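Asker:
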Amino acid sequence: MNRRAPARLGTACAAIAMITVVGCTAAPPDASDPSTTTSTSTEEFVDMFAGYSQDYEPVATPAELASQSTLVVEGEISTVTDGRTWGSATDDPGANQSVVLNVAISEIHVGSAPEGSGDTVYVEVPSPGNVAFDAYASALPDGLTGVFYLIPAAMDTTDILDPDAGRPAGQPLFQMASPQGLVLGSSDGVLQLIEGDEYPEADLRDFIPESERFPVDPDTTPEPDVPAN
401 MNRRAPARLG TACAAIAMIT VVGCTAAPPD ASDPSTTTST STEEFVDMFA GYSQDYEPVA
461 TPAELASQST LVVEGEISTV TDGRTWGSAT DDPGANQSVV LNVAISEIHV GSAPEGSGDT
521 VYVEVPSPGN VAFDAYASAL PDGLTGVFYL IPAAMDTTDI LDPDAGRPAG QPLFQMASPQ
581 GLVLGSSDGV LQLIEGDEYP EADLRDFIPE SERFPVDPDT TPEPDVPAN
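Counting from 1, position 161 in the sequence shown corresponds to residue 561 in our numbering; the numbering is continuous, with no gaps.
#1: May I ask you to list the residues that DSSP assigns as paired with M576?
#2: Could you say which of E601, G589, D617 and A565 lies nearest to V523 if we only look at CA atoms?
#3: For P618 and E515, I'd like the C-alpha separation in whole angstroms.
#4: Using only alpha-carbon positions, find the residue among I608, D603, V525 and D562 that is nearest to M576.
#5: Helix, strand or coil for D564? Go by DSSP, reduced to three states.
#6: Tell me the rounded alpha-carbon separation between A554 and G589.
#7: Rounded to whole angstroms, what's the CA-CA distance from E464 to E610? Just pull it up for me.
#8: Taking the straight line between their C-alpha atoms, what separation do you get for A539 and E444?
#9: According to DSSP, is A415 part of a helix, a strand, or is it coil?
#10: On the DSSP bridge list, what partners appear for D482?
#11: Report the three-state DSSP secondary structure of S435 (helix, strand or coil).
#12: So, G483 versus L561, is the Cβ gap smaller than 8 angstroms?
#13: Hey, L604 and V521 are a contact pair by Cβ (cut 8 angstroms); roughly how many whole angstroms apart?
#14: From N496 to L591, what does the alpha carbon distance come to, in whole angstroms?
#15: How close, in whole Å, do the beta carbons of G475 and A504 come, if the pair is a contact with beta carbons under 8 angstroms?
#16: S469 and V510 look like a contact to me (Cβ under 8 angstroms); what is the Cβ gap, rounded to whole Å?
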């Protein structure tokens, strides 16, 4: 099932599109309510990112996306921490907040772990509706693993109020190379964090660079082949 209709126009540009938030998002878990402080599924966690959309051009193979990435890893999201804020001032009504996935690396496919990282990489993702980071941390399922195709986070595309936020001093900040390049394992297959595509018959190993092709969302209608002239 395709949980959210994907937006796939233009060329992937995660560094710039990261600040574009559209639509609405469901209310986040209430940290004061014990019944909502822990999510039991990947699906609930992914739903918190509904409302964000990014224009990108999907590629057919993991190898192609890997060639566009600085670092490709498998790992577990250990926690979610506060991220940078894009805006001209603290009271800027158009400011956009981010959160940071702290990913404990289990396997590296492309590149190498940053020096002094302790095998943890810090992945910046948007927070639709500027939901506070602790809501995501509370909703994070135990043992949530994924595959991450990463590029360095942009540092000067727009005003950033807190450019050093989101990771320990001296550690680099990363962003996904494309929405195709951030997928999470679930009890029912694999979910794409941004755009929400579902792959119920897939395994995370189907998304590593050594895999021949990316799995196809079964609810996606393929474009017809156009014969060459």
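Virtual Cβ for every residue (Gly too), placed ideally from N, Cα, C. Bear in mind the structure is a predicted one, so any value in this text is a computation, not a measurement.
Answerer: In short:
#1: Within the sequence shown, the letter at position 176 stands for residue 576. DSSP lists L550 as partners of M576.
#2: Start at 1 with the first residue of the sequence shown, and residue 523 comes out as number 123. If we check each option's Cα against that of V523, A565 comes out closest.
#3: For the purposes of this step, residue 618 is taken as the residue at position 218 of the sequence shown. For the purposes of this step, residue 515 is taken as the residue at position 115 of the sequence shown. Answer to the nearest angstrom: the Cα atoms are 40 angstroms apart.
#4: Along the sequence shown, read from residue 1 onward, the residue named residue 576 stands at position 176. For M576, the nearest C-alpha among the options comes from V525.
#5: Here residue 564 refers to the residue found at position 164 of the sequence shown. DSSP places D564 in coil when its eight states are reduced to three.
#6: In the sequence shown, counting from the first residue as 1, residue 554 sits at position 154. In the sequence shown, counting from the first residue as 1, residue 589 sits at position 189. Taking the straight line from one Cα to the other gives about 31 angstroms.
#7: On the sequence shown, position 64 is the one that residue 464 refers to. On the sequence shown, position 210 is the one that residue 610 refers to. The straight-line gap from Cα to Cα measures roughly 10 angstroms.
#8: In the sequence shown, counting from the first residue as 1, residue 539 sits at position 139. In the sequence shown, counting from the first residue as 1, residue 444 sits at position 44. C-alpha separation (whole angstroms): 8 angstroms.
#9: In the sequence shown, the residue the question calls residue 415 occupies position 15. Note that A415 scores a pLDDT of 41, beneath 50, so its modelled location is shaky; the value from the coordinates is reported in the next line. DSSP places A415 in helix when its eight states are reduced to three.
#10: Taking the first residue of the sequence shown as 1, we reach residue 482 at position 82. The partner list for D482 (beta bridge, DSSP) reads V499.
#11: Taking the sequence shown and counting its residues from 1, the one referred to as residue 435 is at position 35. With a pLDDT of 41 at S435, under the threshold of 50, the modelled position of this residue cannot be trusted; read the value that follows with caution. S435 falls in the helix class under three-state DSSP.
#12: Start at 1 with the first residue of the sequence shown, and residue 483 comes out as number 83. Start at 1 with the first residue of the sequence shown, and residue 561 comes out as number 161. Against a cut-off of 8 angstroms, the Cβ pair of L561 and G483 comes out as no contact.
#13: Along the sequence shown, one-based indexing puts residue 604 at 204. Along the sequence shown, one-based indexing puts residue 521 at 121. Not a contact, Cβ separation roughly 17 angstroms.
#14: Taking the sequence shown and counting its residues from 1, the one referred to as residue 496 is at position 96. Taking the sequence shown and counting its residues from 1, the one referred to as residue 591 is at position 191. Looking at the two C-alpha atoms, the distance is approximately 24 angstroms.
#15: One-based indexing of the sequence shown puts residue 475 at position 75. One-based indexing of the sequence shown puts residue 504 at position 104. Sure, about 5 angstroms apart at Cβ, within 8 angstroms.
#16: Locating residue 469 in the sequence shown gives position 69, where the first residue counts as 1. Locating residue 510 in the sequence shown gives position 110, where the first residue counts as 1. At roughly 6 angstroms, the Cβ-Cβ gap stays under 8 angstroms, so S469 and V510 are in contact.
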